[in-house]
């Protein structure tokens, strides 16, 4: 499995057996593939929200356009938080696979804190906009903006909740195989959220400068 | 238990080098898009194209270095599913944009609407 295409599985006559004829896949492959399918369906949801945003981004109804209200400095800090958190999530998974409990906790806490920093920045950005009177009900553009960025924020928040649950599971069950598999799924989810955020900062924030 | 354990360890290389490389490249691309978007170094209409290229490159880096989409047999399944996902995403996004642009092209302007009401 590690070598992939290099280590072909051979039958009794020395011929390679195709993947489809090797019997049921391992639990590990099934779980990671199934979780991939979930992530892709999630990405399709985001694609439709991106399409909505792209269609409505000029429908400002006399209100502010993107470049009037977005502050790129905050967005850059948010991006850095999420990217660093994605990296520490990778290190957390490595520690979990090597069964290094202490390191796992350190990186899990770092991941959680960076994710929480991202969410708190986003919440303060949203509440600033609403306080200025530019809430989601102001124009179709703002509705689309709050829906797209808010959905991403909801995903990150549920990821934070999931990470808390995983830390509790590690504390009670230890780093047993099933727990490490769940941590693997969590890391895929967390990286996928960072992937979606690349689209958000490019299309929503940086794109607003060049309409 | 020990069987699944060894399978678990073999699955993906357990060193941090891949993540380091991914982080470095992602930081470079993020800085490039934030830096260039604020300047006028690039011809205006070309900027969205440049930003799109930088974003797609960074997504690719995330997929390869963080999410381990690669040429192994495991990666083949995920890459196939990913290809289908990308296909759907393009259909939804570009389909919506083309249809909605076309529709707004058919929309009468405010002047024409006023004339119709008279």
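Chains as they are written, first to last, in our numbering: chain W, 876 to 1086; chain A, 230 to 347. The beta carbon of each residue, even a glycine, is placed where N, CA and C say it ideally should be. As the structure is a prediction and not an experimental result, all values here were calculated from the model.
Neighbourhood of residue i by C-beta distance below 7 Å, restricted to the same chain and skipping five residues each side
i	result
residue 897 (chain W)	884
residue 990 (chain W)	960, 1031, 1034 and 1035
residue 1014 (chain W)	934, 935, 936 and 938
residue 1059 (chain W)	907 and 968
residue 1011 (chain W)	1017, 1018 and 1021
residue 271 (chain A)	265 and 279
Closest Cα partner of residue i within the set the options
i	options	result
residue 246 (chain A)	W:903, W:965 and W:920	W:965
residue 918 (chain W)	W:1080, W:1063, W:1082 and W:902	W:1063
residue 290 (chain A)	A:244, A:258 and A:311	A:258
residue 1028 (chain W)	W:1056, W:992, W:1049 and W:962	W:992
residue 975 (chain W)	W:1081, W:1051, W:900 and W:892	W:1051
residue 894 (chain W)	A:266, A:275, A:304 and A:296	A:304
residue 982 (chain W)	W:947, W:1082 and W:1042	W:1042
residue 948 (chain W)	A:340, A:263, A:321 and A:345	A:263
residue 1038 (chain W)	W:987, W:1069, W:1081 and W:1076	W:987
residue 1084 (chain W)	W:901, W:946, W:1045 and W:887	W:946
Sequence-distant residues of the same chain with beta carbon closer than 6 Å to residue i, five excluded per side
i	result
residue 928 (chain W)	1019 and 1023
residue 997 (chain W)	1028
residue 971 (chain W)	979, 1050, 1055 and 1058
Alpha carbon of residue i to alpha carbon of residue j, nearest angstrom
i	j	result
residue 904 (chain W)	residue 951 (chain W)	36 Å
residue 985 (chain W)	residue 968 (chain W)	13 Å
residue 943 (chain W)	residue 249 (chain A)	37 Å
residue 1016 (chain W)	residue 979 (chain W)	42 Å
residue 1054 (chain W)	residue 907 (chain W)	13 Å
residue 347 (chain A)	residue 331 (chain A)	27 Å
residue 1025 (chain W)	residue 999 (chain W)	12 Å
residue 920 (chain W)	residue 1072 (chain W)	14 Å
residue 953 (chain W)	residue 963 (chain W)	15 Å
residue 319 (chain A)	residue 889 (chain W)	43 Å
residue 1009 (chain W)	residue 337 (chain A)	29 Å
residue 292 (chain A)	residue 924 (chain W)	21 Å
residue 301 (chain A)	residue 288 (chain A)	20 Å
Residue i vs residue j beta-carbon contact at 8 Å
i	j	result
residue 915 (chain W)	residue 314 (chain A)	yes
residue 911 (chain W)	residue 307 (chain A)	yes
residue 926 (chain W)	residue 280 (chain A)	no
residue 922 (chain W)	residue 322 (chain A)	yes
residue 930 (chain W)	residue 329 (chain A)	yes
Residues near residue i by beta carbon distance below 8 Å, same chain, minus five either side
i	result
residue 238 (chain A)	Since pLDDT at residue 238 (chain A) reaches only 48, below the 50 mark, its modelled position is unreliable, and no value is offered.
residue 994 (chain W)	1028, 1031, 1032 and 1035
residue 266 (chain A)	276 and 280
Members of the stretch 252-278 of chain A near chain W, C-beta cut-off 8 Å: 252, 255, 256, 259, 262, 263, 266, 267, 273, 276 and 277
Members of the stretch 313-324 of chain A near chain W, C-beta cut-off 7 Å: 314, 317, 318, 321 and 322
Residues from the stretch 1054-1067 of chain W in contact with chain A, defined by Cβ distance under 7 Å: 1055, 1063 and 1066
Relative to chain A, which residues along the stretch 919-930 of chain W have a C-beta separation below 9 Å, given in chain order? 919, 921, 922, 923, 925, 926, 927, 929 and 930
Any residues in the stretch 1022-1034 of chain W with a beta carbon nearer than 7 Å to a beta carbon of chain A? Which ones, in chain order? none
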